[in-house]
Structure formats: structure tokens, C-alpha cells
Amino acid sequence: MSNTKLIVLGAFLICLSVLFQLLPVVFSEAFVLATIFSGVPIYIIAKLKVKLGVTAYLVSAIIIMLVSLHEGIFFLLTNGAIGLSLGICHNRTNKKLIIYSISAIVLASALCIINFIIGIPVFGFKLPLSNFIEIGFFLMFSFLYSIFYFFIISLSVKLLNKRCKFKA
3 MSNTKLIVLG
13 AFLICLSVLF
23 QLLPVVFSEA
33 FVLATIFSGV
43 PIYIIAKLKV
53 KLGVTAYLVS
63 AIIIMLVSLH
73 EGIFFLLTNG
83 AIGLSLGICH
93 NRTNKKLIIY
103 SISAIVLASA
113 LCIINFIIGI
123 PVFGFKLPLS
133 NFIEIGFFLM
143 FSFLYSIFYF
153 FIISLSVKLL
163 NKRCKFKA
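Here my numbering is used: position 130 in the sequence shown is 132, and no number is missing along the way.
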């Protein structure tokens, strides 16, 4: 794929990512589940070209932060991070266990930042456990979430390939 096509595709995918992440801000919190899909465009572009994926991730985060700082931080540390890590890992290897493991570590680290540094309880309440048990819980959750997210992304890319003859 030529550089021009990649840049245009990257811009389009950035727009999609921003739209998905900002749905709850523009409409209502009823659309908060749709933000899960904001990482899918980042995954697609990162899988095609790592450097462009990182750029798309950062540009998306900046645009989202211009509208809502809260959503921008959550994009950087959750959906965007997992989309980027899955895309980069899948670009480098096809071994699913490696892809899941690295993405889980990235997501668990981001959840720890949200929970321990920023001070926002990740699951809506503070777990009455020691920090080490909580980190282990985050790792387990992140691993399962990485598997689920990769499954969702695989379905999305298959649908794109079927409809658009798009090869990601």
C-alpha cells in the first residue's frame, strides 16, 4: 500500500476512533459501551504500519482531549492502549499467546496507573485487598479482556475484508 493511501486510511481511522470514544460525551452515558470500539481503528492501522499506528493513537488522544479531558485520558490508558498493543504485537508475530500476554501487561499497567496514581477505582469501587492481589486481579482481567478484544477485532476485520476487500 502506498504512503498516500496509508495516510488517508490513517486519517479516516483516527476519525472513527475519535467518534467512538466521544459518543458518550456528545449523546449520553448510555453509549459508554460503544467506546470499546474506539481501539479497533487503532489496531487496524498499527497492524499495517507500527509508526503510523502510534501516530494515530497520539493524534486521536489529542483530539479527544480537546473535547473531553476525561475521555481522552481513558482512551490513552484503556481502549487506545489495548488497540495499539494488539496491533503492534500482531504486526510483529502471529503467536496469539504472545499477543495476549503483552497486551495484557500493557492494559494491566494502564489500569494500575488509573487506580493507584490517578485514584479512580477501575471497577467503580475500591477493592479491599492488598495492592499485590489487586495487581494480580488486574493482570488476570487484562489477559481475559485481551482475548475478548482480539476476538472482537478479528470479527471486525473479517467483516471489513468481506465488504471492502480490505487487507489488514
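Virtual Cβ for every residue (Gly too), placed ideally from N, Cα, C.
8 Å Cβ cutoff met for Ile-90 and Val-20:
no
Entirely within the segment 55-113 and at least 4 residues each: give me those alpha helix (DSSP H) ranges in chain order.
71-76 and 82-94
For a quick check, are the C-beta atoms of Tyr-151 and Ile-75 less than 8 Å apart?
no
Mind checking whether Pro-43 and Leu-18 have CB atoms under 8 Å apart?
yes
Mind checking Lys-49: buried by the 16 CB within 10 Å criterion, or exposed?
buried
Would you mind working out which of Phe-145, Lys-7, Phe-14 and His-92 sits nearest Ala-110, comparing C-alpha positions?
Phe-145
What does the alpha-carbon distance come out to for the pair Asn-117 and Ala-13?
32 Å
Quick one: what does DSSP say Ile-122 is sitting in, helix, strand or coil?
coil
When His-92, Glu-136 and Ser-103 are compared against Leu-113, the one with the closest alpha-carbon:
Glu-136
Terminal residues of the continuous alpha helix (DSSP H) containing Thr-37?
It is not in any alpha helix (DSSP H) - Thr-37 carries neither H nor E in the DSSP assignment.
DSSP state of Ser-144, grouped into three classes?
helix
Using a threshold of 8 Å, state whether the C-beta atoms of Gly-41 and Asn-81 are closer than that.
yes
Which two residues bound the contiguous alpha helix (DSSP H) that contains Lys-7?
5-28
Taking the alpha-carbon positions, what's the Lys-7 to Lys-51 distance?
12 Å
Do Tyr-59 and Leu-86 have their C-beta atoms within less than 8 Å of each other?
yes
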